[in-house]
Amino acid sequence: MDIEEFVAALPKAELHVHLVGAASLDTVLELSRRHPERQVPTERAELERYYEFRDFPHFITVYSAVNKLVTTPEDVQTLLLGLARDLAANNVRYAEVTVSAIAHFPYGVSPEMLSEALVAGRNKALAEHGVELAWIFDVPMPSDHRDGYSTLDYALDQRPEGTVALGLAGLEAPFPRAGFRAAFQDAIAAGLHSVPHAGETTGPEEIWAALRDLGAERLGHAVSAVSDEKLLKHLAETGIPVEVSLTSNIRTRAVPSLAEHPLPRLLDAGVTVTLNTDDPGMFGTDLNREYRLCHEVFGLGRAELAELARNAARAAFCSEQTRSRLLKDIDAVAAQAS
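All residue numbers for the sequence shown refer to our numbering, where the first residue is 15 and numbers rise by one.
Below is the structure:
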């Protein structure tokens, strides 16, 4: 099989994908036409232009505007079922979806409504598309809730089926990771995992802070790790995975170009890397494309791509049954292609 066929056949886990940012153009158009008062473009060409991001803060502004389209449980399910369909099309068997719960509450979706919609959508995703969904509830910055407890309180009070972790996303520079230490420590004590973004638009000091203060078990983006040899060595020795999202880093201008992306340096240093899409609807990508880019731009072969898929399965906060089945299926496809 050629590389495109191999990537399509490869079973995958997606560990870094945001519910709102994952929405396809068709899904966003459905929501924007449902809620025209929110003033998000209702025509495809206009929406495509809307998604041309000048820099990371501009991306956050656009993301926040699209988030305001989610005002009912029906809207939540529209997002979830669209996501499940797109994941299945990329042979994703398991996904940990980042949900900015507190960002939905001001616009009509109560905590109870959100939880019920997530559970219903999770059940439909598995039944209709064969995709198992889990939830990472993140602290989205900027926010008036600057210590993380509003998100943590929701996650622990509601704890909808599939809840696995507390996350931290959005703008980094004005909001040091250390400021969320207490919430993350309480989350870990309550049995949640810790998966903050760090080093996406800041230096390695914020990655160190995520590890030290937030007890990070995986790191979102962490592209600046390559500027700190001590940090690279630490990540390699501890096996803490870095969730890499190639297209995202280019579209938000966190990295100047694919050719300059630090992925090869992370791999050469022995860091455990997983491939992800982040906000595939907004960035015009999907997980199959991210795997193909690794081959086309960085020359990774089938064995290396299969190992990236295994990394995601091993790093997932899933049941051992799900993990072993996914690893077995990855091995079967890799063996067939060798």
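The beta-carbon is built from N, C-alpha and C at its ideal position, and this holds for glycine as well.
Note that the coordinates shown come from a computational prediction; the quantities given were computed from them, not determined experimentally.
Taking the alpha helix (DSSP H) that residue i falls in, what are its first and last residues?
i    : result
H248 : 243-252
K342 : 334-351
Q172 : 163-172
K138 : 125-143
A196 : 195-203
R279 : 277-282
E310 : 301-312
Nearest-angstrom Cα distance between residue i and residue j?
i    : j    : result
D69  : H275 : 17 Å
P174 : G96  : 20 Å
T215 : N290 : 17 Å
Y305 : G176 : 26 Å
V42  : H118 : 16 Å
P270 : I344 : 32 Å
I150 : V31  : 10 Å
V54  : L61  : 8 Å
V347 : A192 : 42 Å
D161 : I202 : 15 Å
T261 : G298 : 8 Å
D167 : L147 : 21 Å
R324 : R265 : 26 Å
K26  : T56  : 33 Å
L101 : A223 : 32 Å
F189 : L233 : 16 Å
E219 : E44  : 41 Å
L228 : A326 : 21 Å
R339 : R58  : 39 Å
D300 : M127 : 29 Å
E18  : R195 : 43 Å
Q335 : H248 : 30 Å
D282 : E51  : 50 Å
N263 : A169 : 28 Å
Tell me where the beta strand (DSSP E) around residue i begins and ends.
i    : result
S208 : 207-212
G234 : 233-235
A109 : 106-113
V256 : 256-258
Name the residue from the options whose alpha carbon lies nearest to the alpha carbon of residue i.
i    : options                : result
D292 : L33, E18, L39          : L33
P294 : L272, D89, S259, R52   : S259
A212 : D152, S157, D171       : D152
R48  : S78, A27, K82          : K82
E130 : Q172, V54, A141        : Q172
K138 : V106, Q91, L182, D100  : Q91
L322 : L185, L341, R226       : L341
A329 : E110, A187, V240       : E110
R99  : L140, R63, H235        : L140
V80  : M296, S164, P154       : M296
E318 : D200, T165, P278, L185 : P278
A268 : L39, N104, Y64, L185   : L185
D16  : H309, E334, E66        : H309
S114 : L307, E142, S164       : S164
K244 : H235, L280, D300, E231 : L280
R303 : N104, S78, F67, L94    : N104
T112 : S38, D242, T336, L29   : L29
R226 : V237, A349, F198       : F198
A273 : A23, A236, I116, V311  : V311
A183 : S78, F67, S38          : S78
Using the three-state DSSP reduction, which class does residue i fall into: helix, strand or coil?
i    : result
F67  : coil
L33  : coil
G219 : With the sequence shown as reference, residue 219 is identified as Glu, and Gly is not the correct amino acid for it. Helix at E219.
M15  : coil
P154 : strand
V287 : strand
G181 : strand
D292 : strand
A330 : coil
L101 : helix
L95  : helix
L322 : helix
E60  : helix
A192 : helix
E146 : strand
E186 : coil
E28  : strand
S271 : coil
H49  : coil
R265 : helix
R160 : coil
Taking 7 Å as the line, does the beta carbon of residue i fall inside it for any heavy atom of the ligand HEM?
i    : result
T252 : This structure lacks the ligand HEM, and indeed carries no ligand of any kind.
Exercise. Touch check for the stretch 275-288 and the stretch 253-264: three-plus C-beta pairs under 8 Å?
Worked result: yes
Exercise. So does the stretch 178-186 actually touch the stretch 129-145, counting three or more Cβ pairs closer than 8 Å?
Worked result: no
Exercise. Counting pairs of beta carbons, one from the stretch 60-79 and one from the stretch 118-130, are three or more of them closer than 8 Å?
Worked result: no
Exercise. Would you call the stretch 86-103 and the stretch 196-213 in contact, with 3 or more CB pairs under 8 Å?
Worked result: no
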